[in-house]
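If you use the numbering used here, the sequence shown corresponds to residues 21 to 363, in order.
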Amino acid sequence: MKRILDLTYWHLFVYIFMLLVIWSANLLWNSVPIAPVQIVTAACLYTLYSYVIFRLILFYWYGTVVQKLLAIGIYLFITLTVFFFMRKLIYVLLPLMGIHFSRRTQPLQLHLFNFHMGVRYFVTNLIGGFTFWRQHAYRTEKENIVLNSELATFRERAQDMKYTSHFLQSVFVTSFGKMMLSEVPQDRHTKRDIMQFLAYLLRIENLGKAQPFAAELDELHCFIRLLRYHYKERSIRYRERMQDCHYPDIPAGMLFFPLENCLKHAKIDAKNPVEMQLTAVESGISLRCQNHWSPKKSDINSETGFALLDAKLKQVDYKSTVKKLLRDDIFTVHINLDFTNRK
């Protein structure tokens, strides 16, 4: 409601502003003053066209693909017909209602008319564009307030649980985890990713034995975006090869376990990138992750994280394997789910 009132007041301001501008220009520069009804009509046309352009920009910016195409089509139609329509309006339709834009009859000089209409249409586009920018800034500010409030709530809950969850301890003890809990990104998409992933972390250990593959894949993509935000794009190399088929449910958190393991036990930067490849076919899923340096060189088989992973894999009714290899400071983990081989 507040936004609607704000828009109403703004367009009323635009109307009054154009009314004053046209009235002042009429007094200062017109040798033959025009009637007040003509000034009111011109201000109405400015306001109407600028409002339509504002709505079209709004549809294009926030709309679906169909709405974007529709907005472009309508804008092109208005632009291509505005000269013809205004000529008919000024010289045919308005005179029938007793509204003339000159006190004396003058021949139509088409080139001058088109020039003045072009300038006025450009001004109308500027007004519509500025109206959209103002509305977009207002909406962005409101969304940021809501996002920051929700982000603070998720972070408080994560702080309360990080000492009782092995997974949360693993994540939040790192610089990445500190970013998740304290940094305030300027990018709203990153804020949403943090909220999405924090929400997932808070419920991961309460999830059922398995979750839909598509939902887990979405969380993996979110995790990778956050890792690339924190460690920079070239530090995380991720490749994906998928078949378009139905996949059974998979253990919750299994897809990003190798990346979570990297947070504690790997060098992560552009010179020492983490490389991960996901291959999903109808018969199974293969997940391979490789990173530089592991501090637990002599104890790669007894880590708590891998024990929890094994427990999760035992909850599903198909067979799986987890292979680990440390060679020349390169640690590799390969997880394979075999959907065709039932237990």
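Even for Gly, the Cβ is constructed at its ideal location relative to N, Cα and C.
From a predicted model like this one, the values you see are computed outputs, not experimental measurements.
L155 in three-state terms, based on DSSP: For the purposes of this step, residue 155 is taken as residue 135 along the sequence shown, with counting starting at 1. Position check: residue 155 holds Gln in this sequence, whereas Leu was assumed. Here Q155 sits in helix by DSSP.
Given F79 as reference, the closest of D269, K284, G149 once Cα atoms are compared: Taking the sequence shown and counting its residues from 1, the one referred to as residue 79 is at position 59. Cα-wise, what sits closest to F79 is G149.
Anticipated Cβ contact below 8 Å, W313 with D358, distance rounded: Taking the sequence shown and counting its residues from 1, the one referred to as residue 313 is at position 293. Taking the sequence shown and counting its residues from 1, the one referred to as residue 358 is at position 338. 31 Å between Cβ atoms; not a contact.
Anticipated Cβ contact below 8 Å, V112 with M137, distance rounded: For the purposes of this step, residue 112 is identified with residue 92 of the sequence shown, where counting begins at 1. For the purposes of this step, residue 137 is identified with residue 117 of the sequence shown, where counting begins at 1. Their Cβ separation, rounded to whole angstroms, is 15 Å, which puts V112 and M137 out of contact at 8 Å.
Contact under 8 Å by Cβ, E239 with F276: Sequence index remark: in the sequence shown, residue 239 carries index 219 (1-based). Sequence index remark: in the sequence shown, residue 276 carries index 256 (1-based). Contact: yes.
Under the three-state DSSP convention, the category M215 falls into: As a working note, residue 215 is residue 195 in the sequence shown. M215 carries a helical assignment under DSSP once its states are collapsed to helix, strand and coil.
Proximity below 8 Å, CB of Q335 to CB of P271: Here residue 335 refers to the residue found at position 315 when the sequence shown is read from its first residue. Here residue 271 refers to the residue found at position 251 when the sequence shown is read from its first residue. Their beta carbons are under 8 Å apart, which means Q335 touches P271 by this criterion.
Cβ contact check for the segment 250 to 264 and the segment 288 to 308: 3 or more pairs under 8 Å: Yes: at least three Cβ pairs fall under 8 Å.
Separation of M106 from L130, as counted between CA atoms: For this step, residue 130 is matched to residue 110 along the sequence shown. For this step, residue 106 is matched to residue 86 along the sequence shown. Their Cα atoms are separated by approximately 12 Å.
Alpha-carbon to alpha-carbon, E161 and K317: Within the sequence shown, the letter at position 297 stands for residue 317. Within the sequence shown, the letter at position 141 stands for residue 161. Residue placement at K317 cannot be trusted, given a pLDDT of 46 that sits under 50; what the coordinates show is reported in the next sentence. Taking the CA atoms as reference points, K317 sits about 49 Å from E161.
Cβ neighbours of C265 in the same chain (closer than 6 Å, five flanking residues each side left out): Counting from 1 along the sequence shown, the entry for residue 265 is found at position 245. Once the five neighbours on either side are set aside, the close Cβ partners of C265 are E302.
Proximity of L247 and F196 at Cβ, strictly below 8 Å: The residue you call residue 247 lines up with position 227 of the sequence shown. The residue you call residue 196 lines up with position 176 of the sequence shown. Result yes, Cβ atoms of L247 and F196 sit closer than 8 Å.
H266 in three-state terms, based on DSSP: In the sequence shown, the residue the question calls residue 266 occupies position 246. Secondary structure at H266: coil, using DSSP grouped into helix, strand and coil.
Cβ neighbours of L171 in the same chain (closer than 7 Å, five flanking residues each side left out): Locating residue 171 in the sequence shown gives position 151, where the first residue counts as 1. The residues are K211, I214, M215.
Inter-residue Cα distance where the pair is F133 and K108: Walking along the sequence shown from the start, residue 133 turns up at place 113. Walking along the sequence shown from the start, residue 108 turns up at place 88. Cα to Cα, F133 sits roughly 12 Å from K108.
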